[in-house]
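Trainee: Line by line, the protein sequences are chains G and Z. Our numbering numbers the first residue of the first sequence as 1 and each following residue consecutively. Our numbering numbers the first residue of the second sequence as 183 and each following residue consecutively. A virtual CB, placed ideally from N, CA and C, is assigned to each residue, including glycine.
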Amino acid sequence: MDEPRFDPGGFWEFHLSGGAVRTRNGRRVVALPEDVAATLLRLALAQGDETLLARIGAALGEEAAATLEGDPGARSPETVLGHVKSVVALFGLGRLALEQWGHVLVATLDGAPPLPPDALAALLGGLFAALGGRDARCVATREGRFVVVHAEAAAAVRSWAAEGAEPGVIATRLGPASEAAS
Amino acid sequence: MTATARLEALLARVQANRAKPRPQRDALPAATAAAPAPAHLEPIPSTSFDVSPIASPHDTLHGMPAPAAPLHAPHASAPPIPVEPVPADAHEEPRLAVEPVPADAHEEPLLAVEPTPFELPTPASVEAPAPVAARLQPEAISPPSEPIARLTALLPEPEPATFGGLLRRTLALRPR
């Protein structure tokens with residue numbers, strides 16, 4: 001199966017006559033100064049609304065999925081990561097990377113806008129949900145990593161992370177759903 | 183006889199020779215025969231002059247009679263130096279009797295050094311320091327913790343080949 005390669009050229013379409021900027025897939029975007037966008041997102045997070053951040057992440061995931069030409073879940077992890085990190089970078093949200101701690105998938109985002117870790121965690125949760133991980137959430141750890149977990153395990157993992165647990169420790173406290181239920 | 187007397191005797195002899203009759207010149211050509219007879223020479227008055235001997239500067243030395251021996255150069259009194267004949271190639275530098283140099287003469291001379299036996303210490307002679315020895319004891323190594331053991335048990339499992347499989351495995355985890 002041939003893995004599609006991401007082409008950053010022509011990702012942005014600038015319609016100068018209409019005063020609009022669209023992605024290759026036709027999604028219209030608005031370019032905002034970084035400090036203004038960060039302030040707006042902080043205000044939304046302060047009101048307990050993570051939906052807005054999750055929708056931003058979902059939009060990134062959908063753009064990446066469109067470039068993958070099919071189900072992202074059927075692609076190799078390297079291919080999906082290459083497309084996703086390219087879309088995230090084109091939106092100016094930083095450099096995305098994935099790590100694997102045991103069975104736990106962990107994301108890192110270097111060079112992100114000045115947003116609280118919980119805001120970035122909500123954004124990445126929406127991203128993985130759009131890539132096929134239904135009910136996916138991300139929990140920020142103290143060292144700046146984001147643990148990808150199911151929504152049912154998010155509360156427990158968030159409490160561990162608040163205690164200072166690192167991804168390795170969190171991975172040891174998680175197990176398959178069948179084992180955990182027994 | 184002094185010089186003046188000799189001059190006077192010489193003049194007298196010349197005058198006597200002039201007074202003798204000359205032979206006829208009949209055998210000469212006519213032109214020559216017609217030549218006039220030589221004029222009679224008047225005798226030159228005798229002039230006597232006294233010539234005093236010129237004193238040589240070497241005749242006297244500071245008023246003293248010079249020695250009869252010839253003068254010598256100041257160095258004449260030095261003993262003669264024997265001079266050996268100069269060979270034809272005397273301008274060249276004398277050649278030294280040099281033995282032929284071996285081709286490897288520029289290298290350091292090899293010393294007759296016998297190789298010293300170099301033996302590595304036997305393992306029995308090496309003793310580890312006490313702290314290191316303690317750490318090497320099997321009893322000193324603590325058994326792996328339960329989380330690490332669980333992680334180790336998880337590693338040998340095959341990794342999902344797709345992103346979907348990787349994501350599903352992650353989302354299937356729950357708190358133990």
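Rounding to the nearest angstrom, what Cα-Cα distance links residue 121 of chain G and residue 166 of chain G in this structure?
Mentor: Cα to Cα, the separation comes out at about 15 Å.
Trainee: Let me know the secondary structure DSSP gives residue 36 of chain G once reduced to three states.
Mentor: Correct three-state label for residue 36 of chain G: helix.
Trainee: Leaving out five residues before and five after residue 191 of chain Z in sequence, what residues of the same chain have Cβ atoms less than 6 Å from its Cβ?
Mentor: The answer is none, since no qualifying residue turns up.
Trainee: With distance defined between alpha-carbon atoms, name the residue in G:115, G:19, G:51 nearest to residue 39 of chain G.
Mentor: Nearest C-alpha to residue 39 of chain G: G:115.
Trainee: Report the neighbours of residue 340 of chain Z on chain G: residues whose CB is nearer than 9 Å to its CB, in chain order.
Mentor: Per Cβ cutoff of 9 Å: no residues; residue 340 of chain Z is ~12 Å from chain G at best.
Trainee: Can you list, in chain order, the residues of its chain with a C-beta nearer than 7 Å to that of residue 3 of chain G? Leave out the 5 residues immediately preceding and following it.
Mentor: The residues are 75, 76, 79.
Trainee: Entirely within the stretch 28-94 of chain G and at least 4 residues each: give me those alpha helix (DSSP H) ranges in chain order.
Mentor: If we require 4 residues or more, the alpha helix (DSSP H) runs fully inside the stretch 28-94 of chain G come out as 34-46, 51-67, 77-90.
Trainee: Helix or strand or just coil, what does DSSP make of residue 108 of chain G?
Mentor: Of the three classes helix, strand and coil, the one that applies to residue 108 of chain G here is strand, per DSSP.
Trainee: Under three-state DSSP, which class holds residue 346 of chain Z?
Mentor: Here residue 346 of chain Z sits in helix by DSSP.
Trainee: Taking all protein chains shown into account, do 16 or more other C-beta atoms lie within 10 angstroms of the C-beta of residue 92 of chain G, making it buried, or fewer, making it exposed?
Mentor: Exposed, by the Cβ-count rule.
Trainee: Buried or exposed for residue 308 of chain Z, going by 16 or more other Cβ atoms inside 10 Å?
Mentor: Unreliable positioning characterises residue 308 of chain Z in this predicted model, as indicated by a pLDDT of 43, which lies under 50. The coordinate reading is nonetheless provided below. Exposed, since its Cβ has fewer than 16 Cβ neighbours within 10 Å.
Trainee: Pair every Cβ in the stretch 121-133 of chain G with every Cβ in the stretch 67-74 of chain G, then say whether three or more of these pairs are closer than 8 Å.
Mentor: Counting Cβ pairs under 8 Å, three or more are found: they touch.
Trainee: Using only the alpha-carbon positions, how far apart do residue 54 of chain G and residue 160 of chain G sit?
Mentor: Computed Cα separation, rounded: 22 Å.
Trainee: If you follow the alpha helix (DSSP H) that residue 6 of chain G is in, where does it begin and where does it stop?
Mentor: Segment: none, residue 6 of chain G is in no alpha helix (DSSP H) and carries neither H nor E.
Trainee: Report back the beta-carbon spacing between residue 113 of chain G and residue 34 of chain G to the nearest angstrom; my notes put them in contact at under 8 Å.
Mentor: With 8 Å as the limit, residue 113 of chain G and residue 34 of chain G qualify as a contact, their Cβ atoms being about 5 Å apart.
Trainee: Between which two residues does the alpha helix (DSSP H) holding residue 13 of chain G run?
Mentor: From DSSP, residue 13 of chain G is part of no alpha helix (DSSP H) but of the beta strand (DSSP E) over 12-15.
Trainee: Exposed or buried, which one is residue 128 of chain G when buried takes at least 16 other CB atoms within 10 Å?
Mentor: When all chains shown are included, residue 128 of chain G counts as buried.
Trainee: Taking the alpha carbon of residue 88 of chain G as the point to measure from, which residue in G:11, G:20, G:162 has its own alpha carbon closest?
Mentor: It is G:11.
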